[in-house]
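Student: Got a structure for you, questions after.
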Amino acid sequence: MVSLSQRMRKLQTRLLEIRIGSGALILPKEVKRINMRFAPRMNQGHMGPKKFWRHELVRLKYHNPSVSMTVDRTALQEDPAVMSIHFSNSSPSSSEPPEERIETIDMKNYTSSEILDAVVRLTKAYPVEPTPKDLEEMRKLEEQRARSEKDSKLSQEVRARAKREKQLLGQARGEVASQEV
């Protein structure tokens, strides 16, 4: 089993990636809902939407909890991969019902970063700046990773040396046994 400190470091790294990763954007108040529809398998241009859903949408939801985000993975492989972003009227008055505008993005055959760029252009979202605490945590995790890499190389050398000594002892015993016969 992996040690507790290794598991904690991995968890801290994942949480930090969610807080300040590439999809860490603040959406404007006009964005009310985001719907994604794509096929469950990656072939035929559905890999980008799946990667966007797995990586970028998590960060978007973390920073925009009030925006409803739904994913429909029941589309056929031949169907287009579509993201629809629902905007509400920026200044709803009490006399008329709020208007809703829907913009769509065709995600088929696009990478997750291209989809993210399209979302930023369409919604005018702005990125979340890392706090000094986040930067300090990132620095500490990088130091731990470098130290861990160094320790791993050192322990590999020790194990290789012990294995080589064991082989040499085995060969020496084999030669002594063959000379006695």
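Sequential numbering of the sequence shown, starting at 1, is according to UniProt numbering.
Don't be surprised by glycine CBs; every beta carbon is placed ideally from N, CA and C.
1. Hey, quick one: how far does the beta strand (DSSP E) through N74 stretch, first residue to last?
2. With distance defined between alpha-carbon atoms, name the residue in E114, G45, R54 and E142 nearest to E78.
3. Only counting runs of 4 or more residues, tell me where the alpha helix (DSSP H) segments fall wholly within the stretch 43-68, in order along the chain.
4. Quick one: what does DSSP say S152 is sitting in, helix, strand or coil?
5. Among I26, L25 and L16, which residue has its Cα nearest to the Cα of E142?
6. Can L76 and A39 be called in contact, C-beta distance under 8 Å?
7. Kindly provide the ranges of any alpha helix (DSSP H) runs that are 4 or more residues long and lie completely inside the stretch 95-150, ordered along the chain.
8. Short check: CB of I85 to CB of I34, under 8 Å?
9. Quick check on the burial criterion: 16 or more other C-beta atoms within 10 angstroms. Buried or exposed for P49?
Tutor: Taking the definition as stated:
1. Note on identity: in this sequence residue 74 is Thr, with Asn being the wrong assignment. Careful: T74 lies outside any beta strand (DSSP E) and carries neither H nor E.
2. That would be G45, whose Cα lies nearest to the Cα of E78.
3. Taken in chain order, the whole alpha helix (DSSP H) runs of length 4 or more contained in the stretch 43-68 are 47-51 and 57-63.
4. In this structure, S152 counts as helix in the three-state DSSP scheme.
5. Residue nearest to E142 within the set I26, L25 and L16 is L16 (criterion: CA-CA distance).
6. The answer is yes: Cβ separation under 8 Å.
7. For secondary structure counted as the alpha helix (DSSP H) over 4 or more consecutive residues, the stretch 95-150 holds these complete runs in sequence order: 112-123.
8. Taking a C-beta distance under 8 Å as the contact criterion, I85 and I34 qualify as a contact pair.
9. By the neighbour-count rule (16 or more Cβ atoms within 10 Å), P49 is buried.
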